[in-house]
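**Q**
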Amino acid sequence: MSILAQNMKTIRRELRCTQSTMSDILKVGFRTYVRYEAGERDAPVAVLVKMARLGNMSLENLLTQKIDQLSILPMDTETLNLAPPEVKSVNFQSGSIVFKKLTREGILALDDAEKKAVSAFRRMPKVLKSAFLKDLEKNYKATGPGLKAKKTVTSKETYSVILPVEQKPAAKKTTGKTGKKKGKPGRKKLDKKALKEKIDRLKMITKSIPKITVR
Numbered sequence: 071m072s073i074l075a076q077n078m079k080t081i082r083r084e085l086r087c088t089q090s091t092m093s094d095i096l097k098v099g100f101r102t103y104v105r106y107e108a109g110e111r112d113a114p115v116a117v118l119v120k121m122a123r124l125g126n127m128s129l130e131n132l133l134t135q136k137i138d139q140l141s142i143l144p145m146d147t148e149t150l151n152l153a154p155p156e157v158k159s160v161n162f163q164s165g166s167i168v169f170k171k172l173t174r175e176g177i178l179a180l181d182d183a184e185k186k187a188v189s190a191f192r193r194m195p196k197v198l199k200s201a202f203l204k205d206l207e208k209n210y211k212a213t214g215p216g217l218k219a220k221k222t223v224t225s226k227e228t229y230s231v232i233l234p235v236e237q238k239p240a241a242k243k244t245t246g247k248t249g250k251k252k253g254k255p256g257r258k259k260l261d262k263k264a265l266k267e268k269i270d271r272l273k274m275i276t277k278s279i280p281k282i283t284v285r
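Quick note on our numbering: the sequence shown kicks off at 71 and runs consecutively.
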């Protein structure tokens with residue numbers, strides 16, 4: 071499987087979409103999209119641009135670098151159509167930038183390691199985020215800027231799980247009496263309304279891409 075096919079699969083899974091849903095978002099046939107992920111067919115430029123947009127990454131990274139779930143920062147539909155903020159001042163020595171009238175606060179990441187750290191932080195539950203920030207502030211005050219940080223031990227209970235993992239429900243004990251089976255085993259009932267809202271949000275992201283002409 072090629073790097074592009076693996077990346078497309080990773081982005082789809084990170085967005086928690088099925089292959090059928092993703093083919094609807096990209097406006098391609100289901101079988102066509104399955105071949106994209108299997109590496110049996112080359113995706114056109116328009117589809118590649120949409121996939122890069124959905125994964126919030128550059129087209130170059132999508133095509134050349136193998137990504138993981140921590141490399142993906144999904145697009146935020148709430149700030150999608152907002153105008154870019156006006157820059158007030160920039161300090162290249164300290165690496166800081168000040169904007170005028172920010173509509174929303176955010177975290178800027180510069181290199182790959184920072185992007186993964188920010189992505190992992192955003193996935194934390196609110197309780198873990200609060201505990202992490204407190205420990206970070208405590209360690210910063212103890213060591214001070216420019217000094218080597220001492221090794222600190224954090225409790226396993228606090229940071230045992232950074233990314234929530236879906237746990238499989240325990241198997242129920244079977245009794246002698248068997249009732250009628252409803253639906254296929256192992257499948258969850260989908261909320262059609264929530265699924266439609268999700269597809270509409272992702273389609274909004276793909277529609278925000280300016281038209282591209284390939285010569």
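Idealized CB from N, CA, C, for every residue including glycine.
Can you check DSSP and say which residues form a bridge with ASN161?
**A** Answer is SER166, bridged to ASN161.
**Q** Can you tell me whether ILE167 is buried or exposed, with buried defined as 16 or more other CB within 10 angstroms of its CB?
**A** With fewer than 16 other Cβ atoms within 10 Å, it is exposed.
**Q** Which two residues bound the contiguous alpha helix (DSSP H) that contains ASN131?
**A** Its alpha helix (DSSP H) spans residues 129–134.
**Q** If contact is defined by three or more beta carbon pairs under 8 Å, each pair taking one atom from either stretch, is the segment 134–144 in contact with the segment 109–120?
**A** Output reads no: the segment 134–144 does not touch the segment 109–120.
**Q** Check whether the Cβ atoms of ILE81 and GLY125 lie closer than 8 Å to each other.
**A** Yes, they are a contact pair.
**Q** Hey, THR106 and MET71 are a contact pair by Cβ (cut 8 Å); roughly how many whole angstroms apart?
**A** Correcting the residue type first, residue 106 is Tyr in the shown sequence and not Thr. About 11 Å separates the two Cβ atoms, so there is no contact after all.
**Q** Let me check one thing: in DSSP terms, what residues is GLU184 bridge-paired to?
**A** Looking at the DSSP assignment, GLU184 forms no beta bridge with any residue, so it has no partner.
**Q** Expressed to the nearest angstrom, what Euclidean distance is found between the alpha-carbon atoms of ARG101 and LYS266?
**A** Distance between the alpha carbons of ARG101 and LYS266: 21 Å.
**Q** Using DSSP with H/G/I as helix, E/B as strand and the rest coil, what is GLU107?
**A** Three-state DSSP puts GLU107 in a helix.
**Q** Would you mind working out which of VAL117, GLU207, SER200, GLN76 sits nearest LYS273, comparing C-alpha positions?
**A** Residue VAL117 is the option with its Cα nearest to LYS273.
**Q** Rounding to the nearest angstrom, what Cα-Cα distance links TYR210 and ASN161 in this structure?
**A** Whole-angstrom Cα-Cα distance: 22 Å.
**Q** When the Cα atoms are used, what is the spatial distance from ARG123 to GLN89?
**A** If you take the alpha carbons of ARG123 and GLN89, they lie about 17 Å apart.
**Q** Bridge partners of GLU207, per DSSP?
**A** For GLU207, which the question treats as bridged, DSSP gives no partner whatsoever.
**Q** LYS97 to LYS277, Cα distance in whole Å?
**A** Cα-Cα distance, rounded: 11 Å.
**Q** From the DSSP output, which residues share a beta bridge with GLU156?
**A** LYS170.
**Q** Excluding the 5 residues preceding and the 5 following ILE73 in the sequence, name in chain order all residues of the same chain whose CB lies nearer than 6 Å to its CB.
**A** So the list reads LYS136, once near-sequence residues are dropped.
**Q** What do you get for GLU207, buried or exposed, if any count of 16 or more other CB atoms within 10 angstroms of its CB means buried?
**A** Burial call: exposed.
**Q** Helix, strand or coil: how does DSSP classify ALA113 here?
**A** Looking at ALA113 - three-state DSSP - the assignment turns out to be coil, as it is neither helix nor strand.
**Q** Under the rule that 16 or more other beta-carbon atoms within 10 Å means buried, what is GLU227, buried or exposed?
**A** Low per-residue confidence applies at GLU227: pLDDT is 47, beneath 50, and the placement is therefore not dependable, though the value from the model is reported in the following sentence. Classification for GLU227: exposed.
**Q** Under three-state DSSP, which class holds THR102?
**A** DSSP places THR102 in helix when its eight states are reduced to three.
**Q** What's the call for GLU184, buried or exposed, on a 16-neighbour Cβ count within 10 Å?
**A** GLU184 should be labelled exposed.
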